[in-house]
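See structure below.
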Amino acid sequence: MTIDGNGNFIPLTPKFKEINSVLHRVHLKRLEKSQKLFMLDY
Numbered sequence: 150m151t152i153d154g155n156g157n158f159i160p161l162t163p164k165f166k167e168i169n170s171v172l173h174r175v176h177l178k179r180l181e182k183s184q185k186l187f188m189l190d191y
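First residue of the sequence shown? That's 150 in my numbering, and the numbers climb one at a time after it.
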């Protein structure tokens, strides 16, 4: 289950699974990039 834009629970369809996967990869890349910048500051 996931939550739609109105706050309602909806089934996690393959389309939403794909979207979540892409968002997860973007989030991990941003974290990795920010950690590298943080390490360069020291």
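C-beta: ideal position from N, C-alpha, C; glycine also. Remember, predicted model here, so these are calculated numbers, not experimental data.
According to the DSSP secondary-structure assignment, isoleucine 159 is paired through a beta bridge with Thr151.
Residues of the same chain with a CB within less than 7 Å of the CB of isoleucine 152, apart from the 5 flanking positions on each side, are Phe158 in chain order.
One thing to note: proline 163 has its Cβ no nearer than 8 Å to the Cβ of methionine 150.
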